[in-house]
Amino acid sequence: MNFKVTDYDNENPTLHCPKCDCEYTHLQKVNEETFEDRPGVTLTFKCEEGHEFTYSLMNHKGYTQSFLIS
Ligand SMILES: [Zn+2]
């Protein structure tokens, strides 16, 4: 996974904004997607500094991987 996180309690990683490193982020939207004929999702977040960013989760060569797509 390429999520930038802080793991304060070793159980529940806290997502950071990839643009400003702010750890106060809010999930805005979840979309089902198809990537190369395989199911996946995109997760769009907004940080408290106003940046929007989107990660995808998809299968690739047998692995499940995340990609920052915007
Ligand atoms: Zn930000």
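Taking the numbering used here, the leading residue of the sequence shown gets 155, the next gets one more, and so forth. C-beta: ideal position from N, C-alpha, C; glycine also.
Beta carbon of residue i nearer than 8 angstroms to that of residue j
{"i": "lysine 200", "j": "glutamine 219", "result": "no"}
{"i": "valine 132", "j": "glutamate 186", "result": "With the chain covering only 155 through 224, there is no way to say anything about residue 132."}
{"i": "valine 159", "j": "leucine 169", "result": "yes"}
Whole-angstrom distance between residue j and residue i, CA atom to CA atom
{"i": "phenylalanine 221", "j": "tyrosine 162", "result": "23 angstroms"}
{"i": "glutamate 177", "j": "asparagine 213", "result": "27 angstroms"}
{"i": "threonine 179", "j": "asparagine 166", "result": "14 angstroms"}
{"i": "aspartate 191", "j": "phenylalanine 157", "result": "24 angstroms"}
{"i": "threonine 188", "j": "lysine 215", "result": "15 angstroms"}
Residue i beta carbon near ligand 3 (any heavy atom closer than 7 angstroms)
{"i": "histidine 170", "result": "For ligand 3, the structure offers nothing, since it holds only ligand 1."}
- Please write down, chain order preserved, every residue whose beta carbon lies under 5 angstroms from a heavy atom of ligand 1. My final list is Cys171, Lys173, Cys174, Cys176, Cys201, Glu203 and His205.
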